[in-house]
Structure formats: C-alpha cells, structure tokens
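Everything below concerns the one structure shown next.
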Amino acid sequence: MSARPFKVVIVGGSVAGLSLANMLQANDIDFVVLEAYPEIAPQVGASIGVLPHGNRILDQLGLFDRIRDLAVSIDRFTFRNAEGNPIVSHGNVERAFVNRHGYPILFLDRQMMLQVLYDNIKDKSKIITRARVTKIRTTNDGAAAMTTNNDVYEGDIVIGADGIHSTVRAEMWKLAQKLRPNWFDPSEEEAAPCAYTCLFGISEQCPEIDPGAMNSIFREKTSYLIIGGPKRTYWFRFEKLPTLLHGSRIPRYTAEDAKKAISSAHAESITPSVKFSTLAKNVIKSSMTPLVEYIYKKWYFGRILCIGDSSHKVHPIGGHGGNAAIESAATLTNLLVETLKNAPSGHLETSEIENMYSKMQKIRHDRMEAVKVYSHEQQRTEALDSVWKKVQALYALPHVDAEAVTFNFSSNIPASEKLDMFEVARGDRLVPFKDDLVSVPKRRKEMQWALIIFYLLVAALVRHGMWIHSASWNLGDTFVDILTTGTFPQDRSFALKRIYTRIGPLDEYLTFLTAVFIPGLRGWEKSYQILQIYFLGNLLQPIAIWTVEARRIQNMWTPIALPIIWFTVFQSAGIGIYMPIYYAVYTFISDAESYWWSLNRRIPTEYSKTILPASLIGYALPTILMFVHWEQPSTAQNFEVLWQFAPMLVPFLLTVSGAVYRRLYKIKSLASVRDYSDDIPYLKNLYAITGILGVILHFIIIANLLGSSDPNVSIRSVFGPNFAAGPKSVGEGLRNLFLVDFLGFVLATYVWCVSAVWDLKRVGRTTAHVGQASLLILVAHVLIGPGAVHSAVWYWREERLGRTMFVKQKKN
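Take the sequence shown: its letter number 462 is residue 557 in this note's numbering, and every next letter is one higher.
This is the structure in structure tokens:
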C-alpha cells in the first residue's frame with residue numbers, strides 16, 4: 096500500500112476538470128490535471144453562461160467576484176420572430192434572478208472562465224498541458240493515465256473530464272469489458288442521439304445588441320441565441336438535422352464546414368435592421384459542432400469516473416452544460432471528502448470508491464435527465480418544431496408575464512448541488528436552494544391520487560346523502576305543501592315570498608332555498624337552527640381562505656382562481672359536495688416544489704390590504720343579518736336570499752376594493768426580496784380575526800348546548816347523525832340534510848389541513864411530525880371548531896411559505 100497522500104488524476108482541463116481541481120485544492124486533496132492541448136485556455140469561439148447555482152459554487156471557491164468582473168450580467172430577455180421583430184421583451188432580469196437565487200446569470204468567454212479557474216491553482220505544476228491521454232490502467236490500490244509522450248501519471252482514482260468524445264470513457268469501457276463484461280450496456284456506444292447542430296462564435300460588439308441583452312430568435316428548424324457581452328457579442332445558431340443521428344453516424348465538422356454554414360446564413364435576420372452577416376463580418380472566432388444530447392446509464396467503473404460532458408451532455412440553449420459540470424465536480428468533492436474522513440489511512444479500497452461513485456451518480460443522474468429534457472424542449476420551442484410549439488412561441492408567449500418567463504429559466508436551479516464543507520450566504524432570496532430547506536423536496540407520487548380519490552369519494556357520498564338517500568325522509572311532501580300553499584306548516588301566517596329578481600327560474604330556485612332555510616332561521620326547529628348557525632358561521636374562514644388562494648400567483652391560471660364559480664356551485668348544491676372537489680383540483684395542481692416558492696405565494700398589495708373587510712362585509716355581515724329575527728316575513732326572506740349570494744360577494748368586493756385601492760394609492764414595485772412578503776402581516780391579520788370569530792362562535796354554541804336542559808338543545812340533538820332511511824319530521828329531516836353537508840365539509844377540510852402540514856414537510860419547509868399534527872388538528876376541531884382550526888393552520892402555513900431560509904447559513 097502506498098504511503099503517499101490520496102491523489103486524483105483529472106483528465107481534461109475543461110470547466111469540469113479545472114473546477115474539480117479548485118475544489119480538491121480547497122480541501123487539501125492532491126491532484127494533477129492532464130490537458131491534451133498546448134494551452135489551458137485556448138480561444139475557440141466558445142462562450143459560457145454561468146447560472147446562479149454555478150455562481151454559488153464559484154462563490155464558495157472565492158471566484159465569483161473575479162468571474163463577475165470579466166462577464167456581463169444578463170438583464171433583458173428579448174424573444175424575436177424570424178424577421179427579428181420582438182415578440183416580447185422583459186427587463187430587470189438581473190434583479191429578478193438575484194432576488195430569486197442570490198446570484199445573476201453571467202455570460203463571458205469560455206476562455207476567460209478557464210483562465211480564472213487556472214489562475215486560482217496555487218501550484219501550476221499540477222496542471223500539465225500537451226498531455227493527451229491514450230490509456231488508463233487500474234490496480235487494486237490505484238489507477239494511472241498514460242499519455243502520447245509515454246508519461247505515466249499515477250493516483251488513487253482517475254476522473255474523466257475530457258468531453259463528449261471522452262478517451263477516459265472509452266478506456267473505462269474497455270477495462271469493464273475484460274473484467275466485468277455486463278457492467279456497461281454495449282448498445283450505448285451507438286446510443287447517443289444528435290438532432291441539432293450548433294454554429295457558434297464571438298464577434299465584435301454588434302449594433303442593437305446591448306451588453307446584458309439576451310435575444311432568442313425563433314425560426315422554423317433553426318434558431319439563434321444572441322447575447323450582448325463586454326465589448327463583444329456571443330452568438331449561437333442552432334439548426335435541426337434532416338434526420339436524427341446516433342453514435343458513429345454523427346459527423347465531426349471542420350473549419351470549412353463552419354465557413355460554409357456562416358455563408359449560407361448571411362441573410363437571416365437578428366433584428367429588423369441587423370442580419371447575421373453583420374456578426375459574421377466582425378467575427379473574432381467561430382466553430383461548428385453537432386449537439387449530442389445524452390445521459391449515460393453508468394458513469395463509473397472501478398477507480399474511474401466520468402463527469403461533465405463525458406457522462407451527461409445536454410443541449411446548450413438553456414446554459415446548463417457548464418453549470419452541470421461544476422455541480423458534478425462539487426458532488427464528487429463532497430463525497431470524496433466525506434469518504435476520506437472515514438479512512439484515517441488516506442487509502443480507499445476499490446469497493447469504497449465504487450460505492451462513492453454510485454452515490455454520486457444517484458444524486459446527479461435524475462437531475463441531469465430532467466435538465467436534458469428541459470433543454471431539448473426549449474430548443475424545440477424556439478425552432479418552432481411543431482404546430483403546438485409554434486403556438487406557444489409566437490402566440491402564447493406575448494401574453495405570458497415576466498414572472499412566468501423568468502420561471503422557465505429558473506425552475507431547474509433550486510435542486511442544484513453545492514460544496515457541503517463551505518457555507519455561503521449572499522443575503523435573502525425568494526427561492527431556497529434545496530440545502531436551504533430542512534429536507535430535500537419530494538413529489539407526492541401515489542399519495543397525490545390517494546388524496547384526490549378520497550376527496551372525490553367524500554363528494555360522492557355527500558351528494559348521495561343529500562340528494563338521493565334523503566328522499567326516504569319524505570321531505571318532498573313537505574316542500575310540495577310549502578311551495579303550493581305559500582305558507583309553512585309551523586306558522587301558516589308566515590307567507591312564502593316568491594319574487595326576488597323577476598328572473599323566473601332563478602326566483603323559483605331561491606324560493607325553494609327559502610323553504611329549506613326558513614324553518615331553522617325562524618327558530619321553529621331548534622336543533623336545525625343551531626346547526627345552521629354553527630355550520631354557516633364556520634364558512635367565513637374557508638371562504639376567506641379560498642379567496643386568498645384565488646389571488647396567489649401560483650393559482651393565477653388554474654381553476655382555483657375562479658372563486659365566484661366555486662362559491663356559486665357550492666351554494667346551489669352543497670358545500671360538502673363541491674369543497675372536496677375544490678380540494679381535489681388543488682391537490683392536482685400543487686404537487687411541484689415550485690408551487691411552494693415564496694415568490695409564488697404572495698398576493699398583490701391591493702388585495703392583501705382589503706381582503707379582511709371584503710370577507711366581513713361580504714359574508715359575515717349578511718350571515719348575521721340572516722339570523723336576526725325580523726318581524727316582517729318578507730324582510731327575513733330578503734336577507735336569507737341575500738345570504739345565498741354572500742360567498743360570491745367576497746371575491747366581488749375584493750375585486751372592486753382592489754381597483755379602488757389602485758386608484759387611490761401608488762402600488763410599490765417589488766424591488767427587494769423583503770417586498771415579496773409585505774402581504775404576510777395583512778394575511779395573518781385576516782387569519783387571526785376570522786379565527787377568533789370562529790372560536791367565539793364555537794364557544795357560544797357549545798356552551799349553550801352543554802348548559803341547556805332542553806332535549807332539543809344538546810350536542811346529540813344538533814350534531815348526532817340520524818341517517819337511517821324512513822320518514823322523519825321536517826326539523827329532523829332538514830337537520831340531517833344539513834348535517835350530511837356539514838360532515839362532508841368538516842371531513843374534507845380536516846384532511847386538507849393535515850395535508851397542508853404534510854405538503855410543507857415534503858417540500859422541506861417544516862420538521863413537524865405529521866401524525867402528531869393530525870391528532871392536534873383533530874383535537875382542535877373539538878376545542879375551538881373547524882373554522883378556527885382552518886384559520887390557524889393557514890396562519891402557520893403562511894409563515895412557513897413566506898420563509899426562504901430554513902437552515903442557517905453563514906459567510907465563508
């Protein structure tokens with residue numbers, strides 16, 4: 096066994112290779128980098144976009160500021176059609192990304208990036224150029240790389256960072272074929288697909304392409320990405336191949352091929368007045384390459400591992416290639432440091448190394464598959480690759496706001512890796528990285544459908560109980576009598592009002608509802624009246640919460656944004672039927688972790704400040720007025736009918752009051768991260784006040800029931816079910832009809848509240864024990880009532896959603 100320190104042989108002075116070298120240096124792990132070319136940072140016409148998660152890792156290495164000084168920060172997205180005319184343009188992109196993720200998107204020459212990484216290496220003798228690796232060999236306690244110069248570089252492991260045409264990967268496959276023939280899928284040698292080519296380059300600064308402006312030009316089968324850089328313009332021309340190619344059928348392009356491609360594209364528009372010929376005429380360096388898009392099934396064998404493009408190659412349009420290489424280097428470094436800590440001798444057995452590699456690939460593989468799909472689909476959209484993609488790009492995109500466009504670029508960032516041994520913090524941010532959370536976010540998976548099925552089952556049972564099973568209670572005859580005679584059997588002097596809106600069918604239905612509600616409202620059926628007060632009083636909280644949810648950004652283009660429709664249907668047929676359906680829809684749309692981002696939680700200022708009065712005036716006041724014992728029958732019925740519209744009044748009043756607020760006050764722009772949580776105090780105030788009202792109502796009702804000697808005024812007489820088939824009195828039948836509705840509402844809302852806790856736990860926003868929380872919520876239903884519990888859960892939920900840092904971070 097060698098007494099030397101653990102050493103890593105890195106093949107390739109690429110972004111992946113030099114990033115890994117810097118990370119190993121920071122952790123005092125020995126290494127050597129073998130680069131085939133004479134220079135470590137040659138100018139080949141390539142540029143690189145460093146996304147926020149890549150910048151975060153560079154910041155941990157102390158390199159972010161150096162990169163930023165050389166780069167331009169992207170501050171505008173402009174999408175153009177084939178004539179170069181803007182489809183839509185969004186500014187303040189830099190602020191948006193810094194607010195979201197703590198870092199901007201930077202663009203610079205790939206050569207500059209490599210130079211910074213190289214310059215940061217303290218011992219330059221560890222970076223060896225003109226060292227083209229031709230062979231890899233491994234033993235039980237080490238590995239070595241041999242070059243064309245017949246030099247041998249020994250270490251404990253060999254890392255291939257030598258690109259898509261990787262010598263290390265080829266050698267690794269050869270070794271595996273001898274030692275473990277079934278380790279790699281032999282079909283992978285010809286599996287990697289190529290659908291597009293890329294002509295790319297760097298030109299002198301181009302007119303109309305300002306520094307920091309990123310222009311995407313949509314064309315059929317081709318597209319451009321043009322970025323204004325520091326005194327230069329970076330450009331990419333993507334073109335779809337006539338047929339999908341694989342493996343050895345993928346061509347290698349020469350300088351002459353690139354020259355011909357440039358010439359053929361001269362007349363294509365970048366802007367209305369700038370052609371591609373302008374970029375070609377002022378080119379500094381250009382090249383052409385096929386775009387392989389493939390994530391290999393296995394990245395390692397024995398002591399050899401491939402990272403970067405040699406294991407995961409994605410389309411460059413989304414800017415993820417270089418950042419993915421940095422991520423993979425960070426992931427490997429994290430695992431290597433951890434593994435070496437558990438090996439005091441500094442020596443690792445091959446089995447330990449393979450276990451480490453396996454963990455590394457498990458962490459990275461699925462993420463890279465997702466990034467590959469995302470990048471490919473973005474290219475298809477920009478190349479107008481189908482009718483649907485054309486509709487998205489040319490017709491839908493102009494109507495999509497800046498938030499949605501920014502989300503498209505930032506959705507893959509939070510799940511990224513960092514260096515675990517160096518903590519980093521650059522102020523607040525709206526979107527937490529996964530390591531800012533108490534746990535890694537997970538999807539609902541099977542539980543998603545279990546919840547949806549449960550809610551729909553509750554809705555079906557309530558519908559059956561209210562509209563089918565209840566027929567056996569003989570309430571129909573009673574209502575026929577009321578509607579025919581125009582009086583109530585409990586008080587024949589109380590005349591039924593029939594005209595409210597002079598809209599025939601609507602008035603008929605409102606008259607029917609009056610016949611259902613009045614026996615309780617007048618106190619003729621005492622148990623029924625108390626249940627009415629309790630049930631309808633406890634709707635204030637969910638109505639307010641549904642109205643809040645309708646105004647959240649994440650629900651803007653979903654059925655949740657239509658509270659008036661939801662309130663209309665549950666008033667017409669039963670909240671116990673339609674509330675569970677609402678919860679099922681909510682569950683269906685809210686699975687993705689991005690749904691729970693803080694920036695998607697916020698509701699606009701004009702609504703957060705007016706939601707409480709809208710709720711109290713729109714629903715609480717009509718409910719109180721309905722239960723007042725009015726002397727005149729017509730007055731009592733008018734307020735009962737007014738209440739039927741009360742839930743719909745809340746979102747209506749909110750819309751009106753919001754519009755008035757916008758006219759009276761200037762809406763503050765969201766300039767900083769803290770501005771995105773300015774609604775939280777108002778929402779908490781809403782939950783607190785409606786919750787307190789719910790507690791008061793619960794205490795009053797329960798106290799009266801417990802203190803009464805009247806058998807018709809007791810817990811059992813009000814809340815005890817009597818659903819057996821057979822004729823019932825009017826009061827008992829109506830009470831049971833409402834009780835079915837009430838129990839469906841309570842059961843579905845209880846599960847929704849529990850699932851709110853579970854959701855926050857699965858997306859890493861809490862460590863709460865879901866079992867204990869479910870018990871606490873159940874007990875709270877008994878102690879303070881369902882409405883108050885709903886408000887309390889949402890009060891806690893709002894605070895959790897408003898936070899973006901759950902793990903304490905500190906500066907390096």
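Cβ coordinates follow ideal geometry from the N, Cα and C atoms, glycine included.
{"Query": "Alpha carbon of Thr-730 to alpha carbon of Val-755, nearest angstrom", "Result": "31 Å"}
{"Query": "Pair within 9 Å by beta-carbon distance, Leu-129 and Ala-240", "Result": "yes"}
{"Query": "Runs of beta strand (DSSP E) wholly within the stretch 367-442 (minimum 3 residues, chain order)", "Result": "378-387, 399-401"}
{"Query": "Nearest candidate by alpha-carbon position, reference Ile-259, set Thr-750, Gly-417, Val-790, Ile-791", "Result": "Gly-417"}
{"Query": "Same chain, Cβ closer than 6 Å to Gln-624, neighbours up to 5 away in sequence not counted", "Result": "Gly-615, Gly-618"}
{"Query": "Cα-Cα separation, Tyr-452 to Asp-686", "Result": "31 Å"}
{"Query": "Beta carbon of Glu-284 nearer than 9 Å to that of Ile-390", "Result": "no"}
{"Query": "Segment contact flag, the stretch 554-565 with the stretch 671-682, C-beta cutoff 8 Å, min 3 pairs", "Result": "yes"}
{"Query": "Contacts around Ser-689, its chain only, beta-carbon distance under 6 Å, and the 5 residues preceding and following it disregarded", "Result": "Ser-506"}
{"Query": "Nearest-angstrom Cβ-Cβ length linking Ile-252 and Val-110, presumed shorter than 8 Å", "Result": "Rounded, the Cβ-Cβ distance is 20 Å, inconsistent with contact."}
{"Query": "Neighbourhood of Gln-473 by C-beta distance below 7 Å, restricted to the same chain and skipping five residues each side", "Result": "Ile-412, Gly-413"}
{"Query": "Helix, strand or coil at Ile-797 according to DSSP, with G and I counted as helix", "Result": "helix"}
{"Query": "Through-space distance from Thr-653 to Ile-684, alpha-carbon basis", "Result": "8 Å"}
{"Query": "CB contact flag (Leu-514, Ala-419, <9 Å)", "Result": "no"}
{"Query": "Candidates Ile-169, Ile-548, Asn-437: closest to Asp-305 by CA position", "Result": "Ile-169"}
{"Query": "Minimum length 3: unbroken beta strand (DSSP E) runs contained in the stretch 180-259", "Result": "181-185, 201-204, 228-233, 238-242, 247-250, 252-255"}
{"Query": "Exposed unless 16 or more other CB atoms sit within 10 angstroms - verdict on Ile-607", "Result": "The question names Ile, but residue 607 is Phe in the sequence shown. Exposed, by the Cβ-count rule."}
{"Query": "Beta-carbon proximity list for Lys-380, same chain, < 7 Å, skipping 5 on both sides", "Result": "Gln-138, Val-139, Gly-140, Gly-296, Ile-297"}
{"Query": "Beta-carbon separation (whole angstroms), Leu-146 vs Ile-548, contact threshold 8 Å", "Result": "In fact, because the Cβ distance is near 39 Å, the residues do not count as touching under 8 Å."}
{"Query": "Burial state of Met-208, where buried means 16 or more other Cβ atoms lie within 10 Å", "Result": "buried"}
{"Query": "Cβ shell of Arg-314 (< 6 Å), same chain only, five flanking positions each side left out", "Result": "Ala-177"}
{"Query": "Beta-carbon spacing of Asn-569, Pro-816 below 9 Å", "Result": "no"}
{"Query": "Buried versus exposed, by CB contacts within 10 Å (16 or more), Asp-164", "Result": "exposed"}
{"Query": "Distance between beta carbons of Val-106 and Val-228, contact taken as under 8 Å", "Result": "5 Å"}
{"Query": "Cβ pair Ala-709, Pro-658 closer than 9 Å", "Result": "no"}
{"Query": "Neighbour-count burial assignment, Lys-906, 16 or more Cβ in a 10 Å radius", "Result": "The pLDDT assigned to Lys-906 is 44, lower than 50, so where the model puts this residue is not dependable, and the model offers no usable value."}
{"Query": "Cβ shell of Glu-735 (< 8 Å), same chain only, five flanking positions each side left out", "Result": "Leu-608, Thr-609, Phe-612, Ile-613, Leu-616, Met-721"}
{"Query": "Simplified DSSP state of Thr-642, which is helix, strand or coil", "Result": "helix"}
{"Query": "Beta-carbon contacts of Arg-99 that lie in its chain and below 6 Å, excluding the five residues immediately before and after", "Result": "none"}
{"Query": "Presumed contact (8 Å Cβ cut-off) between Arg-171 and Ile-182, rounded CB distance", "Result": "About 14 Å; that fails the 8 Å criterion."}
{"Query": "Inter-stretch contact (C-beta, 8 Å, three-pair minimum) for the stretch 396-403 and the stretch 307-323", "Result": "no"}
{"Query": "Beta carbon of Gly-324 nearer than 9 Å to that of Ser-142", "Result": "yes"}
{"Query": "Close Cβ partners of Val-369 (< 8 Å) along its chain, the five nearest in sequence each way excluded", "Result": "Gly-179, Cys-301, Pro-302, Glu-303, Ile-304"}
{"Query": "Spatial distance of Pro-346 from Pro-385 (CA atoms)", "Result": "7 Å"}
{"Query": "Strand pairing of Phe-313, partner residues [DSSP]", "Result": "Ser-318"}
{"Query": "Rounded straight-line distance, which links the Cα of Phe-333 to that of Leu-479", "Result": "12 Å"}
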